[in-house]
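Beneath this line is the structure, given in structure tokens, with notes to follow.
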Amino acid sequence: MDVLYFAWVRERIGLPKERVETKAETVAALVDELRAREERYEVAFADLSALRVAVDQELADFDAPLAGVREIAFFPPMTGG
Amino acid sequence: MGAIVTFTGVVRDIASGNLDVMEIEHYPGMTEAALTKIAAQAQERWALGDVLVIHRFGRLSPGDQIMMVATSAPHRLDAFEAAQYLMDYLKSRAPFWKKEITKDGAIWVDAKDEDEDALKRW
Numbered sequence: 003m004d005v006l007y008f009a010w011v012r013e014r015i016g017l018p019k020e021r022v023e024t025k026a027e028t029v030a031a032l033v034d035e036l037r038a039r040e041e042r043y044e045v046a047f048a049d050l051s052a053l054r055v056a057v058d059q060e061l062a063d064f065d066a067p068l069a070g071v072r073e074i075a076f077f078p079p080m081t082g083g
Numbered sequence: 192m193g194a195i196v197t198f199t200g201v202v203r204d205i206a207s208g209n210l211d212v213m214e215i216e217h218y219p220g221m222t223e224a225a226l227t228k229i230a231a232q233a234q235e236r237w238a239l240g241d242v243l244v245i246h247r248f249g250r251l252s253p254g255d256q257i258m259m260v261a262t263s264a265p266h267r268l269d270a271f272e273a274a275q276y277l278m279d280y281l282k283s284r285a286p287f288w289k290k291e292i293t294k295d296g297a298i299w300v301d302a303k304d305e306d307e308d309a310l311k312r313w
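Top line first, the protein sequences correspond to chains F and Y. Using this note's numbering, the letters of the first sequence map in sequence onto residues 3 to 83. Using this note's numbering, the letters of the second sequence map in sequence onto residues 192 to 313.
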């Protein structure tokens, strides 16, 4: 699936988008896999309460299932308007 | 139609008065879906004619228009309330992120508790 990062999450990880092959069943399990990769991921995902997630471009919870999902995005709380 | 309400948001200078650029990032694809959904929810909830939502992204300067909403309705209360609803949802449910760039550096704007609280009234 495609994993996208926005705002300071993108800056901390150092890229806007990557292709990830995973068997993780939930968003939270995917986050654990990413955190275990490298320190920059650990830093970006250190405080999940400061993050939001969208699954196939819809806001979702961290316990959302990943079966059939094409795109996941991680970002800080939105500041539009 | 008996009423048209428009609201335009403008890039405010920060307290120290030295904002050079307000950079707005967004999530192409989800942005359009989120704005369409927010507008449809307003249409369902109030007796409206048309709804317009515009939000800019990229590099803006203090004083620049950043977004606008417009609602039309047979009665003014519907138009006013729907416009406020659209604004409240744009603030914290549409995928935009603001970064303030000054001579001292760049800071991502933190989401405000009161913006989240504002959604509770709906």
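Think of the CB as a built atom: it goes at the ideal place given N, C-alpha and C, for glycine as much as any other residue.
Residue contact with chain Y for M3/F: absent (no Cβ-Cβ distance below 8 Å to any residue of chain Y). Under DSSP, I298/Y shares a beta bridge with E291/Y. Around the C-beta of T81/F, 16 or more other C-beta atoms lie within 10 Å, and the residue is accordingly described as buried. Counting along the chain, F64/F sits inside no alpha helix (DSSP H), nor does DSSP assign it H or E at all. A261/Y has a beta carbon lying at 8 Å or more from every beta carbon in chain F.
Under the three-state reduction of DSSP output, T227/Y falls in the helix class.
Chain F places a beta carbon closer than 8 Å to that of S283/Y, counting this residue as a contact.
DSSP, read as helix, strand or coil, puts F271/Y in helix. A residue is called buried once 16 or more other Cβ atoms fall within 10 Å of its Cβ, and L239/Y is buried on that count.
Secondary structure at Y276/Y: helix, using DSSP grouped into helix, strand and coil.
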